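Engineer:
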Amino acid sequence: MTREDLKRFCALDIDFESIGLMEPGLSLEPYFCTPMNAEPVGRLGCDGIHFVLLPGDERVFCVDPAMGEPGTYVLPVATDFREFLSFVLYCRDANPLSQIWWLTEERFRELLEEDKRAVWPGCETFFAGKQTALERIARAFDLAPAAPYQQVKALQAAFDPTIMKFSNEYYDVLGLEYPE
1 MTREDLKRFC ALDIDFESIG LMEPGLSLEP YFCTPMNAEP VGRLGCDGIH FVLLPGDERV
61 FCVDPAMGEP GTYVLPVATD FREFLSFVLY CRDANPLSQI WWLTEERFRE LLEEDKRAVW
121 PGCETFFAGK QTALERIARA FDLAPAAPYQ QVKALQAAFD PTIMKFSNEY YDVLGLEYPE
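What the sequence shown shows, in the working numbering, is residues 1 to 180, in sequence order.
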């Protein structure tokens, strides 16, 4: 279901960038820590952070080349694509989902409040596009916003990063031994 939902999402007539999911579903040049055979969901457009699906897995993963470290470069952020979208609806952007792994719940909530208060010249147009995108996603998938913090933390706590398959570049960049 997740891959069909991703195709439907990519076909929506929305400003994907306004919700932090640039170029949804389009191939992107993999980073050293992008798992092998990962399918792109979208990218933030900052620090190489992108979201992917892995073969045979419904979960959505966040790949964070800038802030990660072995064991945290790739972490799950939703059990499936619909849950991911419900979290995006709650956060009003995909970016906060990429930061849950290192934030306390209090700091996460502060981040969401800071985002709500952010203003700059011309922001009205941006926020109108964001609101339209969020409304269309909610309607297209019959979704409501869902608070992500506890669910994502639980997913990440239960996640075994040793299942990840990486290219040789991963091990070269980090100076790690190649797996047997």
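The beta carbon of each residue, even a glycine, is placed where N, CA and C say it ideally should be. Computed from a prediction, not measured in an experiment: that's the story for all the values here.
Is it the case that the Cβ atoms of Val60 and Thr34 are separated by a distance below 8 Å?
Structural biologist: Residue numbering aside, residue 60 sits at position 60 when the sequence shown is read from its first letter. Residue numbering aside, residue 34 sits at position 34 when the sequence shown is read from its first letter. No, these two residues do not count as a Cβ contact at 8 Å.
Engineer: Could you round the C-beta distance between Leu134 and Leu97 to whole angstroms and report it? I think they count as a contact, below 8 Å.
Structural biologist: Counting from 1 along the sequence shown, the entry for residue 134 is found at position 134. Counting from 1 along the sequence shown, the entry for residue 97 is found at position 97. Actually they are not in contact, since the Cβ atoms of Leu134 and Leu97 sit about 14 Å apart, beyond 8 Å.
Engineer: In the DSSP assignment, find the alpha helix (DSSP H) that holds Glu182 and state where it starts and stops.
Structural biologist: Beyond the ends of the chain as shown, which are 1 and 180, falls residue 182; an answer cannot be given.
Engineer: Using only CA atoms, which one of Trp101, Ser167, Lys7 and Gly20 lies nearest to Lys153?
Structural biologist: Here residue 153 refers to the residue found at position 153 when the sequence shown is read from its first residue. Of the candidates Trp101, Ser167, Lys7 and Gly20, the one whose C-alpha sits nearest the C-alpha of Lys153 is Trp101.
Engineer: Give a yes or no on whether the C-beta atoms belonging to Leu75 and Cys62 are separated by under 8 Å.
Structural biologist: Position 75 of the sequence shown, counted from the first residue, corresponds to residue 75. Position 62 of the sequence shown, counted from the first residue, corresponds to residue 62. Contact: yes.
Engineer: In or out: Glu169 buried (at least 16 other Cβ within 10 Å) or exposed?
Structural biologist: In the sequence shown, residue 169 corresponds to position 169, counting from 1. That one is exposed.
Engineer: In terms of DSSP beta bridges, what is Val63 paired with?
Structural biologist: As a working note, residue 63 is residue 63 in the sequence shown. According to DSSP, Val63 bridges with His50 and Val74.
Engineer: Whose CA, out of Thr2, Phe9 and Arg3, lies closest to the CA of Ala140?
Structural biologist: In the sequence shown, residue 140 corresponds to position 140, counting from 1. When each option's Cα is compared against that of Ala140, the closest is Phe9.
Engineer: Do Ala128 and Gly20 have their CB atoms nearer than 8 Å?
Structural biologist: Looking up residue 128 in the sequence shown gives position 128. Looking up residue 20 in the sequence shown gives position 20. No, they are not a contact pair.
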